[in-house]
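Peer 1: These protein sequences, in sequence, are chains A and B.
Counted the way the working numbering counts, the first sequence spans residues 1 to 234.
Counted the way the working numbering counts, the second sequence spans residues 1 to 234.
Could you have a look at this structure, given as structure tokens, before my questions?
There are 2 protein chains.
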Amino acid sequence: MSTILVVDDEPQIRRALRTALSAHGYATIEAGAGEAALDAAASRQPDLVVLDLGLPDIDGVEVIERLRGWSDVPVIVLSVRDDQAGKVKALDAGADDYLTKPFAMEELLARVRAALRRTERPGSAPATLRFGPLAVDLARRLVTDDGELVHLTPTEYDLLEALLTNPGKLLTHAWLLRRVWGPNYGDESHYLRVYVRQLRQKLRDDASSPVYILTEPGVGYRWLPDPDPDPLRT
Amino acid sequence: MSTILVVDDEPQIRRALRTALSAHGYATIEAGAGEAALDAAASRQPDLVVLDLGLPDIDGVEVIERLRGWSDVPVIVLSVRDDQAGKVKALDAGADDYLTKPFAMEELLARVRAALRRTERPGSAPATLRFGPLAVDLARRLVTDDGELVHLTPTEYDLLEALLTNPGKLLTHAWLLRRVWGPNYGDESHYLRVYVRQLRQKLRDDASSPVYILTEPGVGYRWLPDPDPDPLRT
DNA sequence: GCGGGCCGTCAAGATGTCATAAAGATCGAC
DNA sequence: GTCGATCTTTATGACATCTTGACGGCCCGC
């Protein structure tokens, strides 16, 4: 089941969206303002965001920009204004779609399906990724090493997930902090040191000759191996 | 450069779209009917399809369905009809977006950018530049030489990026210093000597007979080779 | 051929970052 | 309220990178 974050300052609109979405089998999270939306996107990791541009605290376009700093979650924008410039700005800031209020709920649902369909396909969502002796079940948040269950705290797991879902990519300190700790973080790189250390210890990795997590001094960290090809498929 | 397949039975609309798209740096292919569109999508492998639903031979929704049988290329639908049922049908058939005529060209372009941005991400377009044995993946910040990972410090990488994103161009000392070290620099050409030296060493380049970085005495440096053509495309 | 400037090369010190360990602070379960 | 687990914070030595200075070679003008 997919989880959708609904961001709108008007409770009755949130309610209408929640009703329609849950009737179609989606779980919903709600936020009434921009900061709360960013927090929720970080902590709850929704599969899609429905975002009203008119928010009380921060401009909707800024919400998109800040979200895109650490997340690729699809964003469908709602707006009362039908101006072209606003559409272009929101789409170029990183929105995936733009609907003008009032809109037909059927159309929103179809656009939600289209957006979710896109993120489903690539990688065909292999429930469990393997890297040599290491296996990570993303759906169950379970990690095993040589078949033995590795116990990770929530933060440790979030960090591991952020790393291994971007194999080969250099992830900066600020990106990792925002992705794991939330949008209000970015300078606390000592957190990363502590948690990378714990992860490496639990995965039997060595900082000086790493198999999994490579330190890029002054910049960030990099998950080294690509996932093993799925032996069940051909 | 991205290639866009424009499907519409009215030549003047094709012409308008072609003009606008090529003015923004896209290559265009055109088709006036459904069968021709499917042929073109198969043989030319466009990065995006702009599809008018009203086609003379087959229904636009059927075009989408048949296309989706073997391709995940993003499809933006254009239609004169504003009916909800049609939108839902087209989106559920596999379309990524739906615009009602008449539409603002600026909006279409923004939606094109949004659709292309999404497909950039996954492995399909690695965005990796090759220069003989050297491969630079700008998105992952990854440099390999003969398949071996080359470790670069942040400054070294920034300098490399500044050079190879301007192949053949003469880059002055002051320009490079400002680009890599920031706007308050410009006279410290000594820095460049040290870091160019380190880059050359790591890339196995020789100052006296350079393959990559050419010294232009008294002026600056020049990245010699153009990127190799992508062997995956034709 | 002589000197000055520019470049390439090397290496050492300064600076900041990282790995590691361990001590407080916080939170939730019971 | 106590306990255990987790998160946050702090301290220290080790390390990587950046900065800086020194030196020799080369080219060019004089």
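For each residue, glycine too, the CB sits at the ideal point set by N, CA and C.
(1) Output, in sequence order along the chain, the residues in the region 83-104 of chain B whose CB is closer than 9 angstroms to any CB in chain A.
(2) According to DSSP, is Tyr212 (chain B) part of a helix, a strand, or is it coil?
(3) One question on the structure: do Lys101 (chain A) and Leu78 (chain A) come within less than 7 angstroms of each other, judged by their Cβ atoms?
(4) By the 10 Å Cβ neighbour count, where 16 or more other Cβ atoms means buried, how is Gly34 (chain B) classified, buried or exposed?
(5) Helix, strand or coil: how does DSSP classify Val61 (chain B) here?
(6) Can you give the Cα-Cα distance for Gly123 (chain A) and Phe131 (chain A), rounded to whole angstroms?
(7) Starting from the Cα of Ala110 (chain A), find the closest Cα among A:Ile76, A:Tyr221, A:Ala93, A:Trp181 and give me that residue.
(8) Which same chain residues end up closer than 6 angstroms to Ala125 (chain B) when comparing Cβ atoms and leaving out the 5 residues on each side of it in sequence?
(9) Check each candidate in B:Lys169, B:Glu188, B:Leu170 and name the one with the smallest Cα separation from Arg178 (chain B).
(10) Exposed or buried, what is Arg44 (chain A) when buried is set at 16 or more other beta-carbons lying within 10 Å of its beta-carbon?
(11) Check each candidate in A:Trp70, A:Arg222, A:Pro217, A:Val63 and name the one with the smallest Cα separation from Leu142 (chain B).
(12) Report all residues from its chain with a CB closer than 7 angstroms to the CB of Val196 (chain B); omit the five preceding and five following residues, and keep chain order.
(13) Check whether the Cβ of Leu164 (chain B) lies closer than 7 angstroms to any Cβ atom in chain A.
(14) Which residues does DSSP list as the beta-bridge partners of Thr172 (chain B)?
(15) Below 8 angstroms on the Cβ atoms is my contact criterion, and I expect Ile13 (chain A) with Pro46 (chain A) to pass it. Report the Cβ-Cβ distance as a whole number of Å.
(16) For a contact defined as C-beta to C-beta under 7 angstroms, what are the partners of Glu106 (chain A) on chain B?
(17) Could you tell me the alpha carbon to alpha carbon distance between Arg233 (chain B) and Lys89 (chain A), rounded to whole angstroms?
(18) Mind the definition here: the region 56-75 of chain A touches the region 22-40 of chain A only if three or more C-beta pairs lie below 8 angstroms; say whether that holds.
(19) Between the Cα of Asp146 (chain B) and the Cα atoms of B:Tyr98, B:Glu156, B:Ala139, B:Ala135, which residue gives the shortest distance?
(20) With 7 angstroms as the C-beta to C-beta threshold (strictly closer), list the residues of the region 204-221 of chain A near chain B in chain order.
(21) How many angstroms separate the CA atom of Ala104 (chain B) from the CA atom of Val49 (chain B)?
(22) Please check the pair Asp52 (chain A) and Val7 (chain A), which I expect to be a contact at CB under 8 angstroms, by giving their CB distance rounded to whole angstroms.
(23) Determine whether the Cβ of Pro225 (chain B) lies closer than 7 angstroms to any Cβ atom of chain A.
(24) Who are the Cβ neighbours of Ala27 (chain A) in its own chain at under 6 angstroms, not counting the five residues just before and after it?
(25) With a CB to CB cut of under 6 angstroms and the five nearest residues on each side skipped, what residues in its chain are close to Gly94 (chain A)?
(26) Can you name the residues of chain A whose CB is closer than 7 angstroms to the CB of Pro154 (chain B)?
(27) Can you tell me which residues form a DSSP beta bridge with Val77 (chain A)?
(28) Could you tell me the alpha carbon to alpha carbon distance between Tyr98 (chain B) and Arg66 (chain A), rounded to whole angstroms?
(29) Just the Cα atoms here: how many angstroms apart are Ala162 (chain A) and Leu176 (chain A)?
(30) Under three-state DSSP, which class holds Asp158 (chain A)?
(31) For Leu171 (chain B) and Asp226 (chain A), I'd like the C-alpha separation in whole angstroms.
(32) Could you work out which residues of chain B lie near Arg113 (chain A), taking near to mean beta carbons separated by less than 8 angstroms?
(33) Taking Cβ to Cβ, would you say Gly182 (chain A) is nearer than 7 angstroms to Ala174 (chain A)?
(34) Please state if the CB of Gly168 (chain A) and the CB of Arg140 (chain B) are separated by a distance shorter than 7 angstroms.
(35) Go through its chain and collect everything with a Cβ distance to Glu30 (chain A)'s Cβ below 6 angstroms, but skip five positions before and after it.
(36) Would you mind working out which of A:Leu138, A:Glu148, A:Lys87, A:Leu17 sits nearest Lys202 (chain A), comparing C-alpha positions?
Peer 2: Taking the definition as stated:
(1) Residues of the region 83-104 of chain B with a Cβ closer than 9 angstroms to any Cβ of chain A, in chain order: Gln84, Ala85, Lys87, Val88, Lys89, Ala90, Leu91, Asp92, Gly94, Ala95, Asp96, Asp97, Tyr98, Ala104.
(2) The residue labelled residue 212 (chain B) in the question sits at position 212 within the second sequence. Assigned with DSSP and collapsed to three states, Tyr212 (chain B) falls in coil, not helix or strand.
(3) Working through the first sequence from its first residue, we reach residue 101 (chain A) at position 101. Working through the first sequence from its first residue, we reach residue 78 (chain A) at position 78. It is a contact, given that the beta carbons lie within the stated cut-off.
(4) What you label residue 34 (chain B) is simply residue 34 of the second sequence in a count that begins at 1. Buried is the call here.
(5) For the purposes of this step, residue 61 (chain B) is identified with residue 61 of the second sequence, where counting begins at 1. Note: Val61 (chain B) maps to helix in three-state DSSP.
(6) As a working note, residue 123 (chain A) is residue 123 in the first sequence. As a working note, residue 131 (chain A) is residue 131 in the first sequence. Because Gly123 (chain A) sits at a pLDDT of 49, beneath the cut-off of 50, its placement in the model cannot be relied upon, and the following sentence gives the value as read from the coordinates. Whole-angstrom Cα-Cα distance: 16 angstroms.
(7) Translated into the one-based positions of the first sequence, residue 110 (chain A) becomes position 110. Comparing alpha carbon positions, the residue from A:Ile76, A:Tyr221, A:Ala93, A:Trp181 closest to Ala110 (chain A) is A:Ile76.
(8) Within the second sequence, numbered from 1, the residue matching residue 125 (chain B) stands at position 125. Note that Ala125 (chain B) scores a pLDDT of 45, beneath 50, so its modelled location is shaky and nothing firm can be said.
(9) Working through the second sequence from its first residue, we reach residue 178 (chain B) at position 178. B:Glu188 is the residue among B:Lys169, B:Glu188, B:Leu170 whose C-alpha sits nearest the C-alpha of Arg178 (chain B).
(10) As a first step, residue 44 (chain A) must be located in the first sequence, where it is residue number 44. By the neighbour-count criterion, in which a residue is buried when 16 or more other Cβ atoms sit within 10 angstroms of its Cβ, Arg44 (chain A) is exposed.
(11) In the second sequence, the residue the question calls residue 142 (chain B) occupies position 142. Closest by alpha carbon: A:Arg222.
(12) Walking along the second sequence from the start, residue 196 (chain B) turns up at place 196. Closer than 7 angstroms at the Cβ level, and outside the excluded window around Val196 (chain B), lie Ile213, Tyr221.
(13) Here residue 164 (chain B) is taken as the residue at index 164 of the second sequence, counted from 1. No, no contact with chain A.
(14) Residue mapping note: residue 172 (chain B) aligns to position 172 of the second sequence, counting from 1. DSSP lists B:Gly220 as the beta-bridge partner residues of Thr172 (chain B).
(15) Indexing the first sequence from 1 puts residue 13 (chain A) at position 13. Indexing the first sequence from 1 puts residue 46 (chain A) at position 46. Approximately 18 angstroms separates the beta-carbon atoms of Ile13 (chain A) and Pro46 (chain A); this is outside 8 angstroms, ruling out the contact.
(16) Here the question's residue 106 (chain A) lines up with position 106 in the first sequence. Those within 7 angstroms of Glu106 (chain A) in chain B are Gln84, Val88.
(17) One-based indexing of the second sequence puts residue 233 (chain B) at position 233. One-based indexing of the first sequence puts residue 89 (chain A) at position 89. Only weak support is given to the placement of Arg233 (chain B): the predicted model assigns it a pLDDT of 45, under 50, and the value that follows is read from those uncertain coordinates. CA-CA distance, Arg233 (chain B) to Lys89 (chain A), rounds to 32 angstroms.
(18) Yes, the region 56-75 of chain A is in contact with the region 22-40 of chain A.
(19) Here residue 146 (chain B) is taken as the residue at index 146 of the second sequence, counted from 1. With respect to the C-alpha of Asp146 (chain B), the residue from B:Tyr98, B:Glu156, B:Ala139, B:Ala135 having the closest C-alpha is B:Ala135.
(20) Listed in sequence order: Gly218, Val219.
(21) In the second sequence, counting from the first residue as 1, residue 104 (chain B) sits at position 104. In the second sequence, counting from the first residue as 1, residue 49 (chain B) sits at position 49. Straight-line spacing of the CA atoms in Ala104 (chain B) and Val49 (chain B) works out to 18 angstroms.
(22) Working through the first sequence from its first residue, we reach residue 52 (chain A) at position 52. Working through the first sequence from its first residue, we reach residue 7 (chain A) at position 7. Between Asp52 (chain A) and Val7 (chain A), the beta carbon gap of about 6 angstroms places them in contact (Cβ cut-off 8 angstroms).
(23) Working through the second sequence from its first residue, we reach residue 225 (chain B) at position 225. Closer than 7 angstroms: no.
(24) The residue you call residue 27 (chain A) lines up with position 27 of the first sequence. Around Ala27 (chain A): Met1, Thr3.
(25) Position 94 of the first sequence, counted from the first residue, corresponds to residue 94 (chain A). Only residues of its own chain outside the window of five on either side were considered, and among them Ile64, Arg68 have a CB closer than 6 angstroms to the CB of Gly94 (chain A), listed in chain order.
(26) For the purposes of this step, residue 154 (chain B) is taken as residue 154 along the second sequence, with counting starting at 1. Under the 7 angstroms cutoff, chain A gives Gly218, Val219.
(27) For the purposes of this step, residue 77 (chain A) is taken as the residue at position 77 of the first sequence. According to DSSP, which records beta bridges pairwise, Val77 (chain A) is partnered with A:Leu51, A:Tyr98.
(28) Position 98 of the second sequence, counting from 1, holds the residue named residue 98 (chain B). Position 66 of the first sequence, counting from 1, holds the residue named residue 66 (chain A). If I take the Cα positions, the gap works out to 27 angstroms.
(29) The residue labelled residue 162 (chain A) in the question sits at position 162 within the first sequence. The residue labelled residue 176 (chain A) in the question sits at position 176 within the first sequence. Answer to the nearest angstrom: the Cα atoms are 7 angstroms apart.
(30) Position 158 of the first sequence, counted from the first residue, corresponds to residue 158 (chain A). Reduced to three states, the DSSP call for Asp158 (chain A) is helix.
(31) As a working note, residue 171 (chain B) is residue 171 in the second sequence. As a working note, residue 226 (chain A) is residue 226 in the first sequence. As the crow flies, the alpha-carbon of Leu171 (chain B) is around 36 angstroms from that of Asp226 (chain A).
(32) As a first step, residue 113 (chain A) is located in the first sequence; it is residue number 113 there, counting from the start. The contact set of Arg113 (chain A) on chain B, defined by CB atoms closer than 8 angstroms, consists of Leu91, Asp92 in chain order.
(33) Counted from its first residue, the first sequence places residue 182 (chain A) at position 182. Counted from its first residue, the first sequence places residue 174 (chain A) at position 174. One thing to note: Gly182 (chain A) has its Cβ no nearer than 7 angstroms to the Cβ of Ala174 (chain A).
(34) The count along the second sequence starts at 1 and reaches residue 140 (chain B) at position 140. The count along the first sequence starts at 1 and reaches residue 168 (chain A) at position 168. One thing to note: Arg140 (chain B) has its Cβ within 7 angstroms of the Cβ of Gly168 (chain A).
(35) Stepping through the first sequence from its first residue, residue 30 (chain A) is reached at position 30. The answer, listed in chain order, is Val6, Arg14.
(36) By one-based count along the first sequence, residue 202 (chain A) stands at place 202. Taking only the C-alpha atoms, the option nearest Lys202 (chain A) is A:Glu148.
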